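These notes are about the structure you will find just below.
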Amino acid sequence: MSALLRMADVRKTYDTGVVAVEALRGVDLEVAEGDFVAIMGPSGSGKSTLMHILGCLDIPTSGTYELSGVDVSGMTEAELADVRNRRIGFVFQQFNLLASMTALRNVELPLVYAGVGKAERRERALESLARVGLADRVDHRPGELSGGQQQRVSVARALVTDPALILADEPTGNLDSVSTRDVLQLFHDLEDAGRTIVLITHEADVAKEARRVVRITDGLLSEDAGVSA
Ligand code: ADP
Ligand code: MG
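In our numbering, the protein residues as written are 96 to 324.
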């Protein structure tokens, strides 16, 4: 089992000017390639802070974070952006799709940023949309799709760059129970296909779908016993 990501003694302090908030207080976390891990914790426990660091949207105040053996914790903003674009696929609670663009254009976007040519972009976006079961909706705009379908589009967008890690922050937080099942099934399909997934949630019902559940409380992690990676 090789570790795709490894965090050691990661701390994050927000200096608000008046008081310093210690959002992460020494986090150790290893995720193996192909694993499906849920990180679960109540509001204010440090989930989003951890997600931002895992996703190379921010760096730790101290400690190390290695992605595929490369320490990203000391990288510049430009270097982080590069890692983000190439290695990580994001799925957000609010979908973050562009309303004026079709599903196809939304899914093509990460490839535009990666400098992939038009024909290949289109081909890969169509393939990615087919993989999430939306081959017949590629010309629809987000407003013409249900919440569950919109989240499928954002999963297709996350997959299109063939990232090492799929990082989902409350992906079912805005969905009804039927769409929630639908999107969780999609994550299981990705798991079966050998993808590495980290899913952040405050819902126990969602967390239990993962192979491993890690709890975060007041900026510290603890792992549920009896679950094997
Ligand atoms: P969660 O996502 O689990 O709700 P967060 O990571 O957003 O938790 O927040 C963890 C702690 O850090 C909270 O006490 C929050 O108020 C604080 N915090 C988060 N972001 C900032 C920020 N940009 N500036 C100051 N404090 C922050
Ligand atoms: Mg949060």
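Glycine residues also receive a C-beta, built at the ideal position from the N, C-alpha and C atoms. Treat the numbers as computed from the prediction; the structure is a model and nothing was measured.
Under 8 Å between C-beta atoms of residue 119 and residue 106: Counting from one through the sequence shown, the residue named residue 119 turns up at place 24. Counting from one through the sequence shown, the residue named residue 106 turns up at place 11. Going by C-beta atoms, residue 119 is nearer than 8 Å to residue 106.
task: May I have all residues whose beta carbon comes closer than 6 Å to any heavy atom of the ligand ADP, sorted in chain order?
output: 109, 111, 116, 118, 136, 138, 139, 140, 141, 142, 143 and 144
field: Start-to-end residues for the alpha helix (DSSP H) that takes in residue 254
entry: Taking the first residue of the sequence shown as 1, we reach residue 254 at position 159. From DSSP, the alpha helix (DSSP H) with residue 254 extends over 242-254.
message: Just verifying my parser: in three-state terms, what is the DSSP assignment at residue 300?
response: Residue mapping note: residue 300 aligns to position 205 of the sequence shown, counting from 1. The DSSP-derived three-state label of residue 300 is helix.
field: Nearest-angstrom beta carbon gap, residue 243 and residue 186 [assumed within contact, 8 Å]
entry: Locating residue 186 in the sequence shown gives position 91, counting from the first residue. Locating residue 243 in the sequence shown gives position 148, counting from the first residue. Going by Cβ atoms, the distance from residue 186 to residue 243 rounds to 13 Å, so no, they are not a contact pair.
- request: Out of 211, 272 and 197, point me to the one whose CA is closest to residue 224's CA.
  value: On the sequence shown, position 129 is the one that residue 224 refers to. Answer by Cα proximity: 197.
query: How is the beta strand (DSSP E) around residue 110 delimited, first residue to last?
result: On the sequence shown, residue 110 is found 15 positions in, with the first residue counted as 1. Unbroken beta strand (DSSP E) run through residue 110: 98-110.
query: Should the stretch 136-154 be regarded as contacting the stretch 309-316, the criterion being three or more beta carbon pairs within less than 8 Å?
result: Yes, the stretch 136-154 is in contact with the stretch 309-316.
task: Tell me whether the beta-carbon of residue 144 lies closer than 8 Å to the beta-carbon of residue 103.
output: Position 49 of the sequence shown, counted from the start, is the residue given in the question as residue 144. Position 8 of the sequence shown, counted from the start, is the residue given in the question as residue 103. No, the Cβ-Cβ distance between residue 144 and residue 103 is not below 8 Å.
- request: Measure from the alpha carbon of residue 176 to the alpha carbon of each residue in 164, 305, 188 and 205, then state which is nearest.
  value: Translated into the one-based positions of the sequence shown, residue 176 becomes position 81. Comparing Cα positions, the closest option is 205.
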